[in-house]
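J.: Dropping the structure in here first, questions after.
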Amino acid sequence: MLKSDYNKSEKVLTCAFTGHLDTNSCIILNNEVNAAIDIIKSADNTATLTDTTIIFDVSGVSYIASSFIRICVNMARQVPKGNFSMINCDPFIKKTFIIAGLDELLKVK
Amino acid sequence: MEVTNVERADELIRKAIFAAAEFQQFNQEQTDKVVEAVYKAGLNARISLAKMATEETGMGIWEHKVWKNVIGTQLVYESIKNEKTVGIISDDPITGITEIAQPLGPVFAVTPVTNPTSTAMYKILIALKTRNPIIISAHRGAAKCTAEAARICYEAAMAAGAPEDCIQMIPSGSREFTQMVMAHPKIALILATGGTGLVKAAYSSGNPAIGVGPGNVPVFIDESADIPFAVSNILSSKTFDNGTICASEQSIVVVDKIEQKVKEEFENQHCYFLTNEEIKKVEKIAVVEGAMTMNPLVVGQSVDTIARLAGITVPEGTKILLAKLAGVGKDYPLSHEVLAPILAFYSCKDYNAAINICLDLNYLGGIGHSAGIYANDERVIMEFSQLINAGRIVVNTPTSQGAVGGTFNLLVPSLTLGCGTGGKNITTENITARHLINVQRVCRRRINHKFMDADQRMYFDENCTEAVLKLEYHKNH
Numbered sequence: 172m173l174k175s176d177y178n179k180s181e182k183v184l185t186c187a188f189t190g191h192l193d194t195n196s197c198i199i200l201n202n203e204v205n206a207a208i209d210i211i212k213s214a215d216n217t218a219t220l221t222d223t224t225i226i227f228d229v230s231g232v233s234y235i236a237s238s239f240i241r242i243c244v245n246m247a248r249q250v251p252k253g254n255f256s257m258i259n260c261d262p263f264i265k266k267t268f269i270i271a272g273l274d275e276l277l278k279v280k
Numbered sequence: 353m354e355v356t357n358v359e360r361a362d363e364l365i366r367k368a369i370f371a372a373a374e375f376q377q378f379n380q381e382q383t384d385k386v387v388e389a390v391y392k393a394g395l396n397a398r399i400s401l402a403k404m405a406t407e408e409t410g411m412g413i414w415e416h417k418v419w420k421n422v423i424g425t426q427l428v429y430e431s432i433k434n435e436k437t438v439g440i441i442s443d444d445p446i447t448g449i450t451e452i453a454q455p456l457g458p459v460f461a462v463t464p465v466t467n468p469t470s471t472a473m474y475k476i477l478i479a480l481k482t483r484n485p486i487i488i489s490a491h492r493g494a495a496k497c498t499a500e501a502a503r504i505c506y507e508a509a510m511a512a513g514a515p516e517d518c519i520q521m522i523p524s525g526s527r528e529f530t531q532m533v534m535a536h537p538k539i540a541l542i543l544a545t546g547g548t549g550l551v552k553a554a555y556s557s558g559n560p561a562i563g564v565g566p567g568n569v570p571v572f573i574d575e576s577a578d579i580p581f582a583v584s585n586i587l588s589s590k591t592f593d594n595g596t597i598c599a600s601e602q603s604i605v606v607v608d609k610i611e612q613k614v615k616e617e618f619e620n621q622h623c624y625f626l627t628n629e630e631i632k633k634v635e636k637i638a639v640v641e642g643a644m645t646m647n648p649l650v651v652g653q654s655v656d657t658i659a660r661l662a663g664i665t666v667p668e669g670t671k672i673l674l675a676k677l678a679g680v681g682k683d684y685p686l687s688h689e690v691l692a693p694i695l696a697f698y699s700c701k702d703y704n705a706a707i708n709i710c711l712d713l714n715y716l717g718g719i720g721h722s723a724g725i726y727a728n729d730e731r732v733i734m735e736f737s738q739l740i741n742a743g744r745i746v747v748n749t750p751t752s753q754g755a756v757g758g759t760f761n762l763l764v765p766s767l768t769l770g771c772g773t774g775g776k777n778i779t780t781e782n783i784t785a786r787h788l789i790n791v792q793r794v795c796r797r798r799i800n801h802k803f804m805d806a807d808q809r810m811y812f813d814e815n816c817t818e819a820v821l822k823l824e825y826h827k828n829h
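Below is the structure:
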């Protein structure tokens with residue numbers, strides 16, 4: 172069961188997820204994340220996120236579908252290089268990003 | 353902006369890697385659920401896919417392709433369904449060794465024109481069973497039916513919860529693109545079944561490969577054989593899908609003493625021995641001059657079509673054309689592999705001469721593939737088997753069905769037959785799921801007391817010979 176929480180503080184958007192992020196959950200999650208981004212853009216009155224940092228906290232995530240990897244890649248593309256990171260990653264999930272070849276790009280910790 | 357081949361290849365691989373990343377989180381139960389769904393969908397589509405393949409390729413017999421689809425789905429599934437392919441697959445408290453299965457990563461599969469849908473479904477099943485995404489490159493002559501088989505399997509896999517893009521097809525037609533994907537550093541393994549060119553390309557790609565190319569299957573009928581039984585079996589194999597299985601008989605070898613009996617039996621069972629003049633005509637259309645490779649024009653065609661192409665007349669209802677040859681090699685084109693109902697026939701003065709002909713045929717173009725023997729003398733069977741270089745020596749059995757396994761013997765059912773180092777393979781086994789996993793071994797401490805109890809200083813003493821060290825090693829044990 173997907174649970175998500177979004178917290179914006181200064182220029183940092185922290186998205187915390189828990190649960191089983193399968194393909195269906197990721198459809199919901201994708202909409203939620205994009206909505207959070209849109210709010211920032213509209214509040215800052217900008218089309219791009221030049222000085223925003225996005226953090227995905229995946230401490231309670233037990234499974235990720237490839238759709239979640241795509242969401243991460245899309246988010247990382249929207250912010251300057253290095254401004255996306257993933258924290259509290261279970262080793263099982265970290266391995267998934269290593270296999271996808273994205274652990275460094277997405278700063279998976 | 354036009355997308356380049358490099359970008360297309362990268363995108364294809366990226367999808368496969370993401371699928372691999374998701375797939376490695378599956379447990380055995382989730383994996384088996386996907387495999388079962390794919391097997392059911394593939395088996396249910398066996399007839400439509402067989403008809404489609406026959407129509408598109410213009411090769412073979414659709415009813416026989418139904419059987420191939422059954423082998424590629426039901427028999428393969430039955431052979432792998434209970435196999436452990438995820439996590440801990442064995443645990444031995446005595447040795448202290450625990451084996452853990454890990455997926456390989458994206459598998460690149462080349463499928464042939466001769467067995468397109470069955471090979472595709474078989475490769476999909478063994479890839480999914482081992483949590484590996486698969487990218488299929490179909491022969492351009494069978495692109496549509498292979499894509500349809502892949503689509504059916506993919507839809508079933510997705511419905512059972514498989515990762516997105518776990519099965520992908522690459523567009524046919526561009527050899528350059530195929531080779532680019534094949535050589536991509538993120539491809540974990542190439543499973544190449546097809547013509548010599550593609551198999552060679554697979555091995556040249558720099559990625560690990562299991563490539564299975566041509567065979568040139570000799571079949572020896574010994575004096576001790578039940579001749580009517582042998583001929584009947586050979587017929588059922590060589591006529592199966594008009595001889596398109598690479599393990600089908602290519603040459604029949606007998607000793608002079610039984611030649612007449614064997615010939616009569618073939619004739620009784622509606623086979624036709626070509627005259628020397630007719631052999632010349634058939635050679636011209638069956639084998640490409642110079643290259644000595646089979647002409648695609650005759651592959652999987654019926655005797656009637658071959659006779660028409662060669663401009664010869666054969667008795668109505670003829671099942672197989674036999675050409676009695678005096679030798680092996682470039683002067684005898686029909687001694688090479690031809691996947692059609694044409695057989696070379698040799699009669700030799702004695703047993704040794706017959707086995708020598710079998711060896712010549714074996715090494716002409718089918719090293720490591722398959723061979724057949726009909727005999728009721730165990731000594732002959734074992735002598736033949738030790739001389740022949742073949743992954744499978746099929747005894748008193750049709751070689752097509754026998755080598756593929758699962759019907760006439762207990763070989764693992766497979767549509768990719770390992771040919772050992774002779775065929776530039778790492779294995780002579782029938783390729784199945786267990787070849788698509790990396791096995792990690794957890795090795796717990798188990799002291800080798802013989803070694804530890806030995807006086808270690810002796811190993812540094814120049815005067816201690818092997819004999820002394822051997823005694824010391826075994827002392828008190």
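So the protein sequences, as listed, match chains A and B.
For the first sequence, position 48 matches number 219 in this note's numbering, and the numbering has no gaps at all.
For the second sequence, position 191 matches number 543 in this note's numbering, and the numbering has no gaps at all.
Where is the CB? At the ideal position from N, CA and C, for every residue including glycine.
Run down chain B in chain order and give the residues with a C-beta less than 9 angstroms from the C-beta of Arg248 of chain A.
T.: What Arg248 of chain A touches in chain B: nothing, since even the nearest Cβ is about 14 angstroms away.
J.: Tell me which residues of the stretch 364–394 of chain B have at least one Cβ-Cβ distance to chain D shorter than 7 angstroms, keeping chain order.
T.: This model lacks chain D altogether; the protein chains it does include are A and B.
J.: Kindly confirm or deny that the stretch 215–226 of chain A and the stretch 177–196 of chain A touch, where touching means at least three C-beta pairs closer than 8 angstroms.
T.: yes
J.: Under a Cβ-count criterion, where at least 16 other Cβ atoms within 10 Å of its own Cβ denotes burial, should Ser238 of chain A be classed as buried or exposed?
T.: Looking at its Cβ environment, which holds 16 or more other Cβ atoms inside 10 Å, Ser238 of chain A is buried.
J.: In the DSSP assignment, find the unbroken beta strand (DSSP E) run with Cys186 of chain A in it and report its ends.
T.: Val183 to Leu192
J.: From the DSSP output, read off the bridge partner residues of Met257 of chain A.
T.: In the DSSP output, where bridge partners are listed per residue, Met257 of chain A has A:Phe227 and A:Val279.
J.: Is it right to say Tyr811 of chain B is buried, meaning 16 or more other beta carbons lie within 10 angstroms of its own, or is it exposed?
T.: With fewer than 16 other Cβ atoms from the protein chains shown falling within 10 Å of its own Cβ, Tyr811 of chain B counts as exposed.
J.: Taking Cβ to Cβ, would you say Phe370 of chain B is nearer than 8 angstroms to Arg483 of chain B?
T.: Not a contact, by the Cβ cut-off of 8 angstroms.
J.: Hey, which unbroken runs of the beta strand (DSSP E) at 3 residues or more fall wholly within the stretch 428–456 of chain B?
T.: Positions of the beta strand (DSSP E) runs, each at least 3 residues long and wholly inside the stretch 428–456 of chain B, are given as 439–444 and 449–455 in order along the chain.
J.: Where do the N-terminal and C-terminal ends of the beta strand (DSSP E) with Ala723 of chain B fall, by residue?
T.: Gly720 to Tyr726
J.: Throw me the rounded Cβ distance for the Glu601 of chain B and Val650 of chain B pair, which I believe falls under 8 angstroms.
T.: Not really, about 16 angstroms apart at Cβ, beyond 8 angstroms.
J.: With a threshold of 16 other CB atoms inside 10 Å of the CB of Thr447 of chain B, please say whether the residue is buried or exposed.
T.: exposed
J.: Label Glu500 of chain B either buried or exposed according to how many other C-beta atoms from any shown protein chain fall within 10 Å of its C-beta, with 16 as the threshold for buried.
T.: Of the residues assessed, Glu500 of chain B falls on the buried side of the cut-off, its CB having 16 or more other CB atoms within 10 angstroms.
J.: How long is the line joining the alpha carbons of Asn201 of chain A and Thr189 of chain A, rounded to whole angstroms?
T.: 14 angstroms
J.: Do you know offhand how far Glu275 of chain A's Cα is from Gly424 of chain B's?
T.: Between the C-alpha atoms of Glu275 of chain A and Gly424 of chain B there is a straight-line separation of about 41 angstroms.
J.: Taking Cβ positions only, does Glu297 of chain B come closer than 8 angstroms to chain A?
T.: The shown model of chain B, from 353 to 829, leaves out residue 297 of chain B, and the question about it has no answer.
J.: Verify whether the separation of the beta carbon atoms of Val390 of chain B and Leu477 of chain B is less than 8 angstroms.
T.: yes
J.: So, with DSSP's three-state summary, where would you put Glu500 of chain B?
T.: Helix at Glu500 of chain B.
J.: Can you list, in chain order, the residues of its chain with a C-beta nearer than 7 angstroms to that of Pro648 of chain B? Leave out the 5 residues immediately preceding and following it.
T.: none
J.: Roughly how far, in whole angstroms, is the beta-carbon of Ala577 of chain B from the beta-carbon of Ala727 of chain B, given that I think they are within contact range, below 8 angstroms?
T.: 5 angstroms
J.: Are any of the Cβ atoms in chain B nearer than 8 angstroms to that of Ser196 of chain A?
T.: Answer no: the Cβ-Cβ gap between Ser196 of chain A and chain B never drops below 8 angstroms.
J.: Can you list, in chain order, the residues of its chain whose CB lies under 6 angstroms from that of Gly583 of chain B, leaving out five sequence neighbours each side?
T.: Here residue 583 of chain B turns out to be Val, not Gly, going by the sequence shown. Result list for Val583 of chain B: Glu617, Phe618 and Gln621, in chain order.
J.: Check the Cβ of Ser238 of chain A against every Cβ in chain B and list those closer than 8 angstroms, keeping chain order.
T.: Neighbours of Ser238 of chain A on chain B, chain order: Glu516.
J.: Check the Cβ of Ile270 of chain A against every Cβ in chain B and list those closer than 8 angstroms, keeping chain order.
T.: The contacting residues are Ile369, Ala372, Ala373, Gln376 and Gly457.
J.: DSSP three-state call for Phe760 of chain B: helix, strand or coil?
T.: In this structure, Phe760 of chain B counts as coil in the three-state DSSP scheme.
J.: Check whether chain B comes within 8 angstroms of Lys263 of chain A, counting only Cβ atoms and requiring the distance to be less than that.
T.: The sequence as given places Phe at residue 263 of chain A; Lys does not occur at that position. True, the Cβ-Cβ gap to chain B drops below 8 angstroms.
J.: Strictly under 8 angstroms for the Cβ-Cβ distance: is Tyr234 of chain A near chain B by that measure?
T.: By this cut-off, Tyr234 of chain A is an interface position.
J.: Counting only C-beta atoms, is Thr267 of chain A closer than 8 angstroms to chain B at any point?
T.: yes
J.: For Val639 of chain B, list the residues DSSP reports as bridge partners.
T.: B:Met646
J.: Taking the alpha-carbon positions, what's the Ile264 of chain A to Ile365 of chain B distance?
T.: 20 angstroms
J.: Take Lys590 of chain B and list the residues in its own chain whose beta-carbon comes closer than 7 angstroms to its own, dropping the five residues that flank it on each side.
T.: Sequence-distant Cβ neighbours of Lys590 of chain B in its own chain, meaning closer than 7 angstroms and more than five residues away, are Ser600, Glu601, Ile672, Pro693 and Leu695.
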